[in-house]
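Step one of this worksheet: look at the structure below.
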Amino acid sequence: MILLRLAEWFLYKLLANSCYRAAMKVKNSGFFFKNSSFRSAHQIPLYPNISKCNLHGIRKSETVACDIQGTLLRSESFFPYFMLVAFEGGSILRALFLLLSSPLLLVLDFELKMRVMVFITFCGMKLKNVESVGRAVLPKFFLENLNVHVYEVLMSAGSRVVFTGVPRVMVEGFLKEYLSVDCVKGTELHTVGNHFTGFVSSSGILVKHRALKEFIGERKPDIGIGNSSLHDHLFISLCKEAYVVNKEDEKANNTSSSILPREKYPKPLVFHDGRLAFLPTPLATLAMFIWLPIGILLSIFRIFIGICLPYKIAIFLGTLSGVKLRLKGTDPPRSENGKGVLYVCSHRTLLDPVFLSTSLGKPLTAVTYSLSKMSEILAPIRTVRLTRSRERDGEAMQRLLSEGDLVVCPEGTTCREPYLLRFSSLFAELADEIVPVAMNTSVSMFYGTTASGLKCLDPIFFLMNPRPCYTVEILEKLPKELTCAGGKSSHEVANYIQRQLGAALGFECTNLTRRDKYLMLAGNEGVVEDQSSRTNNPN
């Protein structure tokens, strides 16, 4: 079968493409129509482009039917999303097998290609792992790849249905949670117990026009959206109005105009999980696997210089290795009350206190709610665990402040996106010398945080990036009249500092907490949970 497919692909490339190029040359030369205006007037496409769809009319009573692959999403290939499931929900070996299959996928038709990717990605995988990836990882990449024109038409309708040949389990959560799609019809996968077998169910790969006929019967949907393929033309021909996503028209116009901007997302993307910070296309995934052994060695080297060498030498060698450290502002002078300064930071990774200490060139003590043993061992600064008991944590922080400077991240957990979570008010009750510090990071390959993975690997993954960047902006010390000593409540102080850091970073302040993050990403309330953790946050 593979040999037949190879022969078919070779003949297609040799004959079909050659004939197509010849036909295009004849067409462009105007052999049949010397008058260019006459020629263009008679070249009417079968279906209009999606950008021609009128959104000003009343659409709330109408039904839209479309596909997600190559229609709602700008990319036609679904390989990157299978790779995300294989890597994040499976293992690095499963992802490698899927990458090695990519040359074979080029010569297979849609059905065989889908069956191969389904088998490699899902064989033996637990249902809960796939559900976790669909809930916490895929939505970010789907939102970034949405076609704004299709999205606007979809959201203008009162009823939305999606028919797709990709596995329903991969897209249903996103479509219903973010786009409020009423019904999702996709390829069903075979399961045994709590595991996928890697095979498609007995119904086979979903055929869109057949599924549409079975779903609606004689009643036609009002709007159908597809791509320029023959199968999609058959699908949208069953609708009253039909539109296509024409890639050539998008390229002719500004391609960026078809990208949905963040401010137009149907709901804010605050939390997401997973290690990969890029869309894993075959070439991008190949680059990652080539970089992986280099990145591991580089991460070990960066950890070594951070632990063993003086600050200035560590910064110099770290910069040579590709780490970008940007420092804005200066350390403000301290008063003579005998207490240390409390640095209040926005929380991006576990390395926030380390990079602050390195930037200032002095040792600091960091307090944290949860830290793995490995992270404690590798930390070049002193770390102290908090218990989430308000009274005990307050006493411990008071003692540490009497010994020296202290770093605290009152959000209680990290956030990757440009948002600040709700600040705990405990720190405001303990110190009058408060210095806000705006921390921000940027990565290109791996995220240095996780909600459901191994937290001990967080610093390693961050330092495995080719050019990780840390920005440390030290703001002015909080005036005494804005502290608890000046008559402000701890909640007011915490909220004020959150707004100050949000303005410095250009982030949006939210009322979300650590509990909200873990409920969404991991399906639990976090590793440590007690009643006091809920009282540690301002109203």
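For the sequence shown, the residue numbers in the numbering used here are -18 to 520.
A virtual CB, placed ideally from N, CA and C, is assigned to each residue, including glycine.
Near residue 451, which residues of its chain fall below 6 angstroms by C-beta distance, leaving aside the five closest residues on each side in sequence? Here residue 451 is taken as the residue at index 470 of the sequence shown, counted from 1. Excluding sequence neighbours, residue 451 sits near 306, 336, 422.
Distance CB(residue 104)-CB(residue 205) smaller than 8 angstroms: Here residue 104 refers to the residue found at position 123 of the sequence shown. Here residue 205 refers to the residue found at position 224 of the sequence shown. Going by C-beta atoms, residue 104 is not nearer than 8 angstroms to residue 205.
Going by beta-carbon coordinates alone, are residue 426 and residue 279 separated by less than 8 angstroms? Here residue 426 refers to the residue found at position 445 of the sequence shown. Here residue 279 refers to the residue found at position 298 of the sequence shown. Cβ atoms of residue 426 and residue 279: not closer than 8 angstroms.
Ordered along the chain, which non-local residues of its own chain (more than five positions away) have a Cβ less than 7 angstroms from that of residue 116? In the sequence shown, the residue the question calls residue 116 occupies position 135. Answer for residue 116: 154, listed in chain order.
Is the beta carbon of residue 224 less than 8 angstroms from the beta carbon of residue 29? Against the sequence shown, residue 224 aligns to sequence position 243. Against the sequence shown, residue 29 aligns to sequence position 48. Yes, these two residues count as a Cβ contact at 8 angstroms.
So, at 6 angstroms on beta carbons, what are the nonlocal neighbours of residue 288 in its own chain, with the 5 sequence-adjacent residues on each side left out? Position 307 of the sequence shown, counted from the start, is the residue given in the question as residue 288. For residue 288, where only same-chain residues beyond five positions count, the Cβ hits under 6 angstroms are 361.
Span separating the alpha-carbon of residue 330 from that of residue 466: Taking the sequence shown and counting its residues from 1, the one referred to as residue 330 is at position 349. Taking the sequence shown and counting its residues from 1, the one referred to as residue 466 is at position 485. Computed Cα separation, rounded: 31 angstroms.
Among 54, 282, 140, 454, whose alpha-carbon lies nearest the alpha-carbon of residue 208? The residue you call residue 208 lines up with position 227 of the sequence shown. Among 54, 282, 140, 454, the Cα nearest to that of residue 208 is on 54.
Taking all protein chains shown into account, do 16 or more other C-beta atoms lie within 10 angstroms of the C-beta of residue 69, making it buried, or fewer, making it exposed? Along the sequence shown, one-based indexing puts residue 69 at 88. Flag for residue 69 reads buried.
Thinking residue 60 and residue 83 are a contact (beta carbons under 8 angstroms), I'd like their distance in whole angstroms, please. Numbered from its first residue, the sequence shown carries residue 60 at position 79. Numbered from its first residue, the sequence shown carries residue 83 at position 102. Contact holds; Cβ gap of about 7 angstroms.
CB-CB under 8 angstroms to residue 250, same chain, minus the five flanking residues each way: which ones, in chain order? Translated into the one-based positions of the sequence shown, residue 250 becomes position 269. The residues are 120, 121, 124, 243, 398.
From 358, 291, 354, 364, pick the residue whose C-alpha is nearest to that of residue 334; which is it? As a first step, residue 334 is located in the sequence shown; it is residue number 353 there, counting from the start. Ranking the options by Cα distance to residue 334, first place goes to 364.
Would you grab the beta carbon distance between residue 316 and residue 409 for me? Rounded to a whole angstrom, and I think it's under 8 angstroms. The residue you call residue 316 lines up with position 335 of the sequence shown. The residue you call residue 409 lines up with position 428 of the sequence shown. Going by Cβ atoms, the distance from residue 316 to residue 409 rounds to 17 angstroms, so no, they are not a contact pair.
Taking all protein chains shown into account, do 16 or more other C-beta atoms lie within 10 angstroms of the C-beta of residue 75, making it buried, or fewer, making it exposed? Within the sequence shown, numbered from 1, the residue matching residue 75 stands at position 94. Counting Cβ neighbours within 10 Å, residue 75 comes out buried, since at least 16 surround it.
Could you check which residue in 263, 311, 160, 200 has the C-alpha nearest to that of residue 245? Against the sequence shown, residue 245 aligns to sequence position 264. Ranking the options by Cα distance to residue 245, first place goes to 160.
Around the Cβ of residue 320, are there at least 16 other Cβ atoms within 10 angstroms (buried) or fewer (exposed)? Along the sequence shown, one-based indexing puts residue 320 at 339. The residue is buried, with at least 16 neighbouring Cβ atoms inside 10 Å.
Contact between the region 344 to 353 and the region 370 to 384: three or more CB pairs below 8 angstroms? yes
Buried or exposed, going by whether 16 or more other CB atoms sit within 10 Å of the CB of residue 173? Sequence index remark: in the sequence shown, residue 173 carries index 192 (1-based). It counts as exposed.
Go ahead and pull the three-state DSSP assignment for residue 164. Here residue 164 corresponds to residue number 183 of the sequence shown, with the count starting at 1. Residue 164: strand per DSSP, three-state reduction.
Under 8 angstroms Cβ to Cβ from residue 222, same chain only, skipping five residues before and after it: list those, please. Counting from 1 along the sequence shown, the entry for residue 222 is found at position 241. Within the same chain, residue 222 has close Cβ partners 34, 203, 204, 205.
Determine whether the beta carbon atoms of residue 164 and residue 188 lie at a separation below 8 angstroms. Within the sequence shown, numbered from 1, the residue matching residue 164 stands at position 183. Within the sequence shown, numbered from 1, the residue matching residue 188 stands at position 207. No, the pair does not count as a contact, with Cβ atoms beyond the cut-off.
Write down every uninterrupted run of the alpha helix (DSSP H) in the region 364 to 437 whose length is 4 residues or greater and which is fully enclosed by it, in chain order. 371 to 384
Could you give the uninterrupted runs of the beta strand (DSSP E) lying entirely in the region 322 to 356, keeping only those of 3 residues or more? 323 to 326, 346 to 349
Cβ atoms of residue 194 and residue 219: under 8 angstroms apart, would you say? One-based indexing of the sequence shown puts residue 219 at position 238. One-based indexing of the sequence shown puts residue 194 at position 213. Yes, they are a contact pair.
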